[in-house]
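Have a look at the structure below, then the notes.
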Ligand SMILES: N[C@@H](CCC(=O)N[C@@H](CS)C(=O)NCC(=O)O)C(=O)O
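Residue numbers (the working numbering): -9 to 206.
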């Protein structure tokens, strides 16, 4: 039995999507970012930092989305270059690049959405992280100019990074990155992605299409 611990719209979507791409049977337990349950002893026993995703699989629990992606692709022998393959390092780079980008997004989510009162928010940090997000997107835009997916063929690295892009466009203009926008649309059109959205539920994090930088 595989059980995914999931919050709609969070990084656990990466694993949900990957499980669908792999054709695995699994169940989902939904948690909330806001009701304190991720800090409960029950959840901390699954994921010590109190973060989703956590995956019960093969008789153990794994946390960290990148570790789960590497484990599932290794044990299932699909959707990643194997050890020793010429593009194995490329795969690992993009898996971890996705998390670098997700951490910038997380900072922007905190600054634009979660931090209360509004006076606690920092326009300087918002601008800094928006610039840092732009840097990651320029790299992605250049890389994808030559390929449909990060490694040419679709891989679990696309589940890791593809999940980020819809959120990225809440903070940087979609029009500035047409290649990445087309990549995002290709990802969202995949049958496994659509099944994952239906099973996992939609995000309630964003209430605006775009979050402008404050003037100050
Ligand atoms: N590096 C971790 C990050 C996991 C993470 O930060 N998840 C967020 C949701 S996207 C979370 O659970 N946040 C709960 C909290 O910060 O209290 C991974 O990739 O799994």
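The C-beta atom is built at its ideal place from N, Cα and C for all residues, glycine as well.
* **Proximity test, residue 56 beta-carbon vs ligand 1 heavy atom, cut-off 7 Å** => yes
* Asked: For ligand 3, any of its heavy atoms closer than 7 Å to the Cβ of residue 193?
  -> Among the ligands present in this structure, namely ligand 1, ligand 3 is not found.
* Throw me the rounded Cβ distance for the residue 101 and residue 109 pair, which I believe falls under 8 Å. => With a Cβ gap of about 12 Å, residue 101 and residue 109 do not count as contacting.
* residue 188 burial status per 10 Å Cβ neighbour count (16 or more: buried) -> exposed
* Does ligand 1 have a heavy atom nearer than 7 Å to the CB of residue -7? -> no
* Asked: Since residue 14 is in the beta strand (DSSP E), which residue starts that stretch and which ends it?
  -> Counting along the chain, residue 14 falls outside any beta strand (DSSP E), and DSSP gives it neither H nor E.
* Asked: Any C-beta of chain D sitting closer than 8 Å to the C-beta of residue 62?
  -> In summary, chain D is missing from the structure at hand, where a single protein chain is found.
* Asked: Could you give the residue range of the alpha helix (DSSP H) that holds residue 170?
  -> 168 to 178
* To do: Give me the Cβ distance between residue 141 and residue 199, rounded to the nearest whole Å; I'm assuming they're in contact under 8 Å.
  => With a Cβ gap of about 31 Å, residue 141 and residue 199 do not count as contacting.
* Going by CA-CA distance only, name the one from -8, 161, 169, 195 that's closest to residue 10. => -8
* Is the closest heavy atom of ligand 1 to the C-beta of residue 1 under 7 Å? -> yes
* residue 44 - DSSP class collapsed to helix/strand/coil -> strand
* Report whether the distance from the Cβ of residue 83 to the nearest heavy atom of ligand 1 is below 7 Å. => Set against 7 Å, the gap from the CB of residue 83 to the closest heavy atom of ligand 1 is not smaller.
* **Candidates 126, 15, 42, 135, of which the one nearest residue 3 by Cα** => 42
* Runs of alpha helix (DSSP H) lying entirely within the stretch 55 to 126, each at least 4 residues, in chain order -> Listed in chain order, they are 55 to 66, 78 to 99.
* How long is the line joining the alpha carbons of residue 176 and residue 27, rounded to whole angstroms? -> 34 Å
* Asked: Would the beta-carbon of residue -6 fall within 8 Å of that of residue 69?
  -> no
* Asked: In angstroms, rounded to a whole number, what distance separates the CA positions of residue 20 and residue 67?
  -> Rounded to whole angstroms, the gap between the alpha carbons of residue 20 and residue 67 is 28 Å.
* Asked: Are residue 8 and residue -4 touching if we call contact CB-CB under 8 Å?
  -> no
* Spell out the partners DSSP gives residue 51 in its beta bridges. => 46
* Can residue 192 be considered in contact with ligand 1, in the sense that its beta carbon sits closer than 7 Å to one or more heavy atoms? -> no
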